[in-house]
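So the sequence lines, in the order shown, correspond to chains A and B.
My numbering applies: residue 7 is where the first sequence begins, and numbers increase by one.
My numbering applies: residue 125 is where the second sequence begins, and numbers increase by one.
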Amino acid sequence: FYSFKIMLKAVILIGSPQKGTRFRPLSLEIPKPLFPIAGHPILYHLIESCAQLRELREILLIGCYQPNEALSRFIANAQQTFNISIRYLQEYASLGTGGGIYHFRDLIKSNVSDKDVFFVINGDICADLPLVEMLQFHRENVGDKGFTILGTEATEKQSTNYGCIAWDKESHEVKHYVEKPSTFVSTTINCGVYLFSKVIFQILSETYRNNQQIYNESLPIFHESSSTFTTYDTGFARENIRLEKDVLSKLGGTGQLYVFPMANRFWTAIKNPSSVIYANRHYLEIYRMYHPERLSKQSDSNGPTIIGDVFIHPTACVAPSAVLGPNVSIGQDVTIGYGVRVRESIILGSCVLQDHCCVLYSIIAWNSTIGPWSRVEGTPNDPDPNRQFSKIEKDSLFHDGKLHPSITVIGNNVSIPGEVVVLNAIVLPHKELGSSSKNQIIL
Amino acid sequence: MKALILVGGYGTRLRPLTLTKPKPLVEFCNKPMVLHQIEALAEVGVTHVILAVSYLSDMLQREMEVEAKRLGIKITISQETEPLGTAGPLALARDHLQVENEPFFVLNSDVICEFPFNDMIKFHKEHNCEGTIVFLLAGPLALARDHLQVENEPFFVLNSDVICEFPFNDMIKFHKEHNCEGTIVVTKVDEPSKYGVVVYEQNTGKIDRFVEKPREYVSNKINAGLYIFNPAILNRIELRPTSIEKEIFPAMASDKQLYAFELKGFWMDVGQPKDYLTGMGLYLNFARSSMPDRLSRDNGTVGNVLVDPTAKIGERCRIGPNVVIGPRVIIQDGVCLKNCTILADSLVKSHSWIANCIIGWRCNIGQWVRMENTSVLGLDVSVQDELFINGGIILPHKAISESVSEPKILI
C-alpha cells in the first residue's frame, strides 16, 4: 500500500543528433523526437501517454541536443497542455541509454522516496502505451523485488532485431536478456519502457566503474598531454553506459527484472520512414477511439472527400475536390489544390500540393511543393497484418546495390515539377527536381 | 483504275491491338490505316482495290464491303494460301490486275502519307500511261504478275506500314526520266545503322548497292517502302517465298535497273507502337497545315489535337500536344493527355495523366492513374484508380489492380 505523497516521475531519453541517421533526411531539420506523426510530435504522444498517470508530476527529457527554439517551444506548450513539469537535461556528450540516467541521478532522485519508482521511456518509440496497467502490475507483483520492463511480442524472425526477453510465464521474472541476438532467443522483445526504483543507480554506478576500468585499460599510454585522452576515441564518452547491453543483460536471471507483457496493442520503434507511416496509421486509429475530435469528418458539401482516418491541421487549406485518406496527416498551413489525392502519407507544414497531384505512401517534409499531375509514391513496408505480433522489418536502404523499395521521403524545401513521377525515392532537402526519379537517393 | 494493297500477316508488332482487329483496320488518327490509303485512291479515281492478305478475317471482309459501298468502288480480297514474302502477292493478284491492261501502283499498306494520287495520275496522264496503285503490305509480288504485266506499264509498290507525304507524281516523272525497271523512294534518317541503307549516285539517283544495318556510316538514306516498277520486274520474281528487298533489289541494282527517288516531307513506318505515336505526331503536324479545321481548338488543348465529334472532354483538362481521341471516348475533368491515342469508347477518369501511350477500345482508366513510356492497352482493359503503368503492354480484357512500375507484358 502506497501513500499519496508519492511523486511519480518519468524520464524520456530523446537521444542525440548522431542517433536517427536512418531517419534522415527528416532528422536533418529537427530532433527526431519532435517529428510530427498524426499531427503531433513523437514526444507529444509519449507525454500524452505519461499524462494518463494521475500521480505523475514531472517529466525529465534527457538528450544531447543543443537547446533550440523548437525544443524549448515544444516543452513550454506541452507543460501547459498537460499541466506537468517538463525539464530538458542536456548531456555534455552522448552518454548512451544508461549514461544519461546515471549522470543526472541526483535530479531524478530528488523528491522521490526510496520505495518509489520512476519510468524510463525511449524517445523513439510510438505505441499505445499501457503505463497505468504497467505501474499497477509493478506495485502488485514486483514491488521491492526489482524493476519492470515492458515487453511485446514479435515474430521469431523479427525478434532478433530487438532486445529479446526470455521469462517465466508464471512469475514474469526475466530469466535471460540479450540485445539483438544472432540466433533466436524469445519472441518477447523490449519495448524500451522501464520502471526503475532508486536501486538502479547502484547498478549503474557499478557499471560505470566497471566501464571506466575497461576504458582506461584500453587507452594507449601517453605521457605528454592528458588532453589527448579525452579526444582519443570520438563518439565514445567515458561515462557511456548502454542500458540494454551493460545493465539489462546482467539483470536477467537475478530475480531483479520482471516483464509486463503488452497485450495486442500497437508498438513500433521509429527507426525509418516505413515505421513513421505505420505509426501515423495507428495514432490516427487511437484518435478515432479516444480523440475523435482530432479527426476530420466528411462534410456535406464544402470539404474534401475523407476516406478513413485523416488528420487535417485547422490552418490547412484543402480544395473540396481533393480526396484524402485513409491514414493521412496534413500539417499546418498546407495548401492542397484541385483534385489532389493523398493516401497513407504525412504532409508536413507549409507544403503545397498542386492540382491533380497524387501522393501515396510518402512523407513530404516542410515547405515543399509538388507540381500539377505529379505522382509521389512509395512502397509500404508494413508488418503483415495477418501475422500476429508482426513488427516493421529491419530494412537496410540498399539491396544488391539497388535502393530497397520503401516509403518515398521528400525533404524540406524541395520543389517537384509538374507531371513527373517520384517513385521509391529519397530526396534530400532544398532540391529542385528536374525530372522523374525512381528507386534513387537524390543528394 | 485499280490498286493492289498487300496487307499481309498478323501484324504482331502492333499487338495487343492486332489481337482484336487486323492491322489495316486499326485506327491511325481516327481512321483505319488502310482507309487512309483507300480513300486517297478513291479520290483520284481508283475504282477497284485489291487487298492481298495472307490470312483472311471476316472483320476485314465486312469492313471492306461497307467501305466499298460508301466510296463507290470495288474492293476485292485476294488471299495467299501460304506466305509468299514481300514480292509474291503481286503474282497472286495477277488475274485482277491484268484485265484492264493498265499500269498500277504497288504500295506497302503500313505507309501513311499525304497520298498525292491526283498529282501522280496527272503526271501519269501527261506521260500517256494509265496507272494502277498497289499497296504492298507483306506479300508476294509474283502472285500479282498476271495483273501487273499485261500492259507493260510501270506500277507503284508501297510498303504498308509507312506514313509520309506520298509524292507519287514526282515519282512517276522521275521514273520515266531514267527509263529503267525500278524506282525506290528513299528517305533520310538520323540513325541509319538501324536500317538497310541505299547507296546511289547523287546526281542521277542510280542505285549502286544496298547495305543492311551498316556499322560504319555509308549513307543516311533508307528504303522508304514506296516503289515504281516496270512489269519487267515480274520476270525476276518466281512464285515462291521471295524477299523483294533482299533478293530482287540487289539483282536489279547490279543490272543498273534501279533508281532512288528522295522523299521530301515526313515519313514514318507506323507498324509498331513507338513509331505509331511518332507517326501520329507527324501526321497531326501535317494535318495542321493541310486540314486545320479538323484539329481541335477547344479550351485546354495544347498543340495539335484531333478529337472525334462524339467524344466528350471534361473541364480543367490539358489535352495535347499530339493527342488523338476516338469516337464516344469520355475524358473526365482534370485529365492530362500528351502524345497519345485513345481509341473508341474508352473512358479516362478524373485527374489521370497519360503520355506516350495507346489506349485501346472500350478501356476504363481510373482516377489518378499515371500511364507512360509507350504503354499499350488492348481491347476492354480496365486500370484501377491510382495505379502507375510504366511501359505496360496489356492484353485484351485484363483488369489491372496493381501498378506496373517497370516495362512488361501482361498476358
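Where is the CB? At the ideal position from N, CA and C, for every residue including glycine.
These numbers come from a predicted model, not from an experiment.
If distances are taken between C-alpha atoms only, which option among the options comes closest to residue i?
{"i": "S181(B)", "options": "V158(B), L159(B), V472(B) and P146(B)", "result": "P146(B)"}
{"i": "L382(B)", "options": "K155(B), N303(B), L401(B) and A164(B)", "result": "N303(B)"}
{"i": "Q262(A)", "options": "I155(A), S165(A) and F41(A)", "result": "I155(A)"}
{"i": "W173(A)", "options": "N167(A), P320(A) and T158(A)", "result": "T158(A)"}
{"i": "L429(A)", "options": "V205(A), R244(A), I447(A) and I353(A)", "result": "I447(A)"}
{"i": "E250(A)", "options": "T213(A), H410(A) and Q219(A)", "result": "T213(A)"}
{"i": "S80(A)", "options": "P39(A), T341(A) and D134(A)", "result": "First, the amino acid is wrong: residue 80(A) is Phe here, not Ser. Answer by Cα proximity: P39(A)."}
{"i": "V426(A)", "options": "S356(A), H410(A) and Q360(A)", "result": "Q360(A)"}
{"i": "Y98(A)", "options": "P73(A), A82(A), S255(A) and I336(A)", "result": "P73(A)"}
{"i": "P187(A)", "options": "C170(A), G149(A), I114(A) and S281(A)", "result": "C170(A)"}
{"i": "K345(B)", "options": "I357(B), I352(B), K388(B) and R360(B)", "result": "K388(B)"}
{"i": "Q85(A)", "options": "V118(A), C70(A) and Y50(A)", "result": "Y50(A)"}
{"i": "I437(B)", "options": "L471(B), E386(B) and I331(B)", "result": "L471(B)"}
{"i": "P397(B)", "options": "L141(B), Y134(B) and V447(B)", "result": "L141(B)"}
{"i": "R300(A)", "options": "H109(A), V348(A) and I318(A)", "result": "I318(A)"}
{"i": "V184(A)", "options": "E176(A), A285(A) and L254(A)", "result": "L254(A)"}
Bridge partners of residue i, per DSSP?
{"i": "K312(B)", "result": "K345(B)"}
{"i": "Y324(B)", "result": "I331(B)"}
{"i": "G309(A)", "result": "Looking at the DSSP assignment, G309(A) forms no beta bridge with any residue, so it has no partner."}
{"i": "P42(A)", "result": "P47(A)"}
{"i": "Q203(B)", "result": "V177(B)"}
{"i": "T414(A)", "result": "S368(A)"}
{"i": "A384(B)", "result": "I308(B)"}
{"i": "V429(B)", "result": "V447(B)"}
{"i": "C132(A)", "result": "T274(A)"}
{"i": "A16(A)", "result": "I65(A) and F125(A)"}
{"i": "F395(A)", "result": "Bridge partners of F395(A): none, in fact."}
{"i": "A479(B)", "result": "K462(B)"}
{"i": "G157(A)", "result": "N196(A) and P267(A)"}
Is it buried or exposed, residue i, if we count other Cβ atoms within 10 angstroms and call 16 or more buried?
{"i": "S100(A)", "result": "buried"}
{"i": "V415(A)", "result": "buried"}
{"i": "M392(B)", "result": "buried"}
{"i": "R139(B)", "result": "buried"}
{"i": "C323(A)", "result": "exposed"}
{"i": "H299(B)", "result": "buried"}
{"i": "D239(A)", "result": "With a pLDDT of only 46 at D239(A), under 50, the local geometry of the prediction cannot be trusted, and no value is derived from it."}
{"i": "R442(B)", "result": "buried"}
{"i": "F190(A)", "result": "exposed"}
{"i": "N270(A)", "result": "exposed"}
{"i": "L62(A)", "result": "buried"}
{"i": "G198(A)", "result": "buried"}
{"i": "K370(B)", "result": "exposed"}
{"i": "V170(B)", "result": "buried"}
{"i": "K473(B)", "result": "buried"}
{"i": "T547(B)", "result": "Past the edges of chain B, shown from 125 to 535, lies residue 547(B), and the structure says nothing about it."}
{"i": "K303(A)", "result": "exposed"}
{"i": "D314(B)", "result": "exposed"}
{"i": "Q161(B)", "result": "buried"}
Name, please, each residue of chain B whose Cβ falls closer than 7 Å to the Cβ of residue i.
{"i": "V427(A)", "result": "R494 and F512"}
{"i": "E350(A)", "result": "Those do not exist, as E350(A) stays about 11 Å from chain B at its closest Cβ, beyond 7 Å."}
{"i": "E383(A)", "result": "F512"}
{"i": "L409(A)", "result": "In chain order: nothing, as chain B lies at least about 13 Å away."}
Just the chain B side, please: which residues come within less than 8 Å of residue i by C-beta, in chain order?
{"i": "R287(A)", "result": "Correct list: empty, because the minimum Cβ distance to chain B is about 17 Å."}
{"i": "L366(A)", "result": "E510"}
Using a Cβ cut-off of 7 Å, pull out every chain A residue sitting near residue i, in sequence order please.
{"i": "R440(B)", "result": "Y344"}
{"i": "S470(B)", "result": "Within chain A, no residue comes near S470(B); the closest Cβ sits about 19 Å away, beyond 7 Å."}
{"i": "S499(B)", "result": "Under the 7 Å cutoff, chain A gives no residues; its nearest Cβ is about 13 Å from S499(B)."}
List, in order along the chain, the chain A residues whose C-beta lies closer than 9 Å to that of residue i?
{"i": "S474(B)", "result": "S327, G345 and H362"}
{"i": "C460(B)", "result": "H362, P378, W379, G424 and E425"}
{"i": "S181(B)", "result": "Those do not exist, as S181(B) stays about 39 Å from chain A at its closest Cβ, beyond 9 Å."}
May I ask whether a heavy atom of the ligand FAD can be found less than 6 Å away from the beta carbon of residue i?
{"i": "L350(B)", "result": "Looking at this structure, you won't find the ligand FAD or any other ligand, since it has none at all."}
In chain A, which residues lie less than 8 Å from residue i when you measure between Cβ atoms?
{"i": "S525(B)", "result": "Within chain A, no residue comes near S525(B); the closest Cβ sits about 15 Å away, beyond 8 Å."}
{"i": "W477(B)", "result": "H362, W379, R381 and E425"}
| request: Identify every run of the beta strand (DSSP E) within the region 72-106 of chain A, keeping only runs that are complete inside it and at least 3 residues long; order them along the chain. | output: 91-96
| Uninterrupted alpha helix (DSSP H) stretches inside the region 169-229 of chain A (no shorter than 4 residues) | 205-224
| said: So within the region 494-526 of chain B, which uninterrupted beta strand (DSSP E) runs reach at least 3 residues, ignoring any that extend past its ends? | reply: 494-496, 512-514 and 516-518
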